[in-house]
Amino acid sequence: MRVVVVGEGKVGSTIVKQLSTEGHDVVIIDNDPVILKNASNTMDVFCVEGNGASYAVQERAEVGRADLLIAATSADEVNMLCCLIGKKQGVKHTIARVRNPEYFFQMDVIKDELGLSMTVNPELQAADEIARLLKFPSALKIETFAKGRVELVEYKIAENSPLDGMPLFALYKEYQVKVLVCAVQRGDEVYIPAGNFVLKAGDKINLTASRDEIVRFFRAIGIFTNKIKRVLMIGGGRIAYYLAKQLVNTYMKVKIIEKDFKRCEYLCEQFPEAVIIHGDGTDRELLSEEGLEKTDALVMLTGMDEENIIVSMLAKACKVSKAIAKVNRISFPEILNALDVDSFIAPKSIAANNIVRYVRAMQNSMGSNVETLHMLINDQVEALEFRVRKGGEFIGIPLKDLKTKKGILIATIVRQGKIIIPGGNDTIEVGDGVIVVTTNQHLSDLKDILQHTR
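Read left to right, the sequence shown gives residues 180 to 633 (our numbering).
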């Protein structure tokens, strides 16, 4: 597919890298010649210098021949204008990055007029993920499928855990809970495990099931922690806004420390239920005064990765139950994994995953579309949700008889609202939602899991 990306910033560069890796014909439009030179030197892309909201620049980039235009500049207004002009040029699909709450919450009203196929809001999506983690603090990461009915949870097996030394086939016998361990990271190795795989302390496991079953599982192994009641956020930007909007409607007590006085005034107006502090959230004395040691969760949301990581590590040293750090650069996953921080959130990666999911669905509009896509374990594993339509050669065949490629696991089947953790005698039927976990990258159709197709 031919894809034009306007804006080569943090989100744009992540999208370009992923799409070019998947073999798409990618064109970048940006005003900065240095950024374009770096992109052309490191990736197989075509670059056009100029304003992406200019009709003439889009003509030079041949936007009219593209299958998809993605506007990912730092300005919402420019992104929406890019998409509007792109539709006039004749591009089939457009995606705009829209972050301002005032614009985003009225997208349903103006989406059709702008010709938008999709909007992405990295900050809102990051806030959603943080909110899930705060509601389920035992998890390192939580992804959702089937419109929230199925969850995929990452958890690190502690020393002296009852899971240490347990083979996977014994889990149900031991705990009578329907969960499936679908991926395991052990050191630098990643496994899509079979039933005889033996878990060890230190493993990071990804398990999938309904939320209720996952809660039952964690309680059964004795590590379900107390609920988060007090949340301290450092940084009052857009993620903090979207997160506070969710948390103040719960029983959580929210406190935000923000450097910018005008931003503090705005947050006070928006969230009278929260405590807003004007100050430097990286100052140790201020953190102590505001009760860091007594808070249940710290969420670091400044624009500096280093500050977010260091203060999160300080929080863990002060016995804070949950420390979450926003990071923009995820180039060194080995270092992040070694740090004593519970969870890292990368908004640009979340946005890129959503766009790649949309692109894969476009590639196969008549087959079993990709409805959800999540990258796991430092992007080494993909978890995809497909919607099954007519004509698949896998339909009605018991899973034990399907010849699937190596590194493929059918993790969950969702059928008419019922969640099935599949066994060998289960089948895939038309209308099912099927969640596949795989080390094989770039699946766009459910038939891609088979060794041979007719």
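The beta carbon of each residue, even a glycine, is placed where N, CA and C say it ideally should be.
Beta-carbon proximity of residue i to residue j, cut-off 8 angstroms
i    : j    : result
T551 : F324 : yes
N142 : K584 : Nothing can be reported for residue 142: it is not among the residues displayed for the chain, which extend from 180 to 633.
D204 : M180 : yes
I371 : L588 : yes
I274 : S296 : yes
A531 : T200 : no
A250 : G231 : yes
I556 : Q304 : no
L359 : L386 : yes
R674 : S467 : As displayed, the chain neither begins before 180 nor continues past 633, which places residue 674 out of reach and without an answer.
G269 : G243 : yes
S340 : I598 : no
Secondary structure of residue i, DSSP reduced to three states
i    : result
T618 : coil
P346 : strand
Y334 : strand
I413 : strand
F324 : strand
M554 : strand
E486 : helix
L125 : Residue 125 lies beyond the residue range present for the chain, which begins at 180 and ends at 633; the question has no answer from this structure.
F565 : strand
M545 : Note on M545: pLDDT 45, under 50, position unreliable in the model; the coordinate value appears next. Of the three classes helix, strand and coil, the one that applies to M545 here is coil, per DSSP.
V454 : strand
G191 : helix
K438 : coil
V377 : strand
L588 : strand
K432 : strand
V609 : coil
V560 : strand
E407 : Per the sequence shown, the amino acid found at residue 407 is Ile instead of Glu. Reduced to three states, the DSSP call for I407 is coil.
T252 : coil
S623 : coil
L215 : helix
S528 : helix
C497 : coil
E448 : helix
S491 : helix
Sheet register partners of residue i (DSSP bridge)
i    : result
A504 : M479, F523
S389 : V329
T474 : Per DSSP, none; premise fails for T474.
F598 : Note that residue 598 is Ile in the sequence shown, not Phe. Bridge partners of I598: V593.
M297 : I274
V182 : V205, L247
C226 : I207
T583 : L629
Y370 : V363
I264 : Partner(s): none; I264 has no beta bridge.
E469 : According to DSSP, which records beta bridges pairwise, E469 is partnered with nothing at all.
K383 : K335, Q364
I574 : I607
Closest Cα partner of residue i within the set the options
i    : options                : result
E392 : K290, V454, P372, Q355 : Q355
I455 : R536, V506, E469, D209 : E469
Y234 : L260, E452, D291       : L260
T461 : D611, L477, Q595, P451 : L477
A362 : K352, D382, A349       : D382
V326 : I576, E564, H457       : Rather than Val, the amino acid found at residue 326 in this sequence is Lys. Among I576, E564, H457, the Cα nearest to that of K326 is on E564.
P577 : H553, I607, A562       : I607
R328 : L629, Q630, V593       : V593
R276 : L248, Y430, G229       : L248
V520 : L319, I413, P280, G415 : L319
N405 : K597, D605, V499, A419 : V499
L347 : I321, K379, D287       : K379
Rounded Cβ spacing between residue i and residue j (contact assumed at less than 8 angstroms)
i    : j    : result
H272 : M479 : Contact flag wrong, Cβ pair sits at about 36 angstroms.
P316 : I407 : 6 angstroms
I207 : V224 : 6 angstroms
L581 : L515 : That pair is no contact at about 36 angstroms.
Residue i at chain E interface by Cβ criterion, 8 angstroms
i    : result
G571 : Of the chains in the structure shown, none is chain E; there is only one protein chain.
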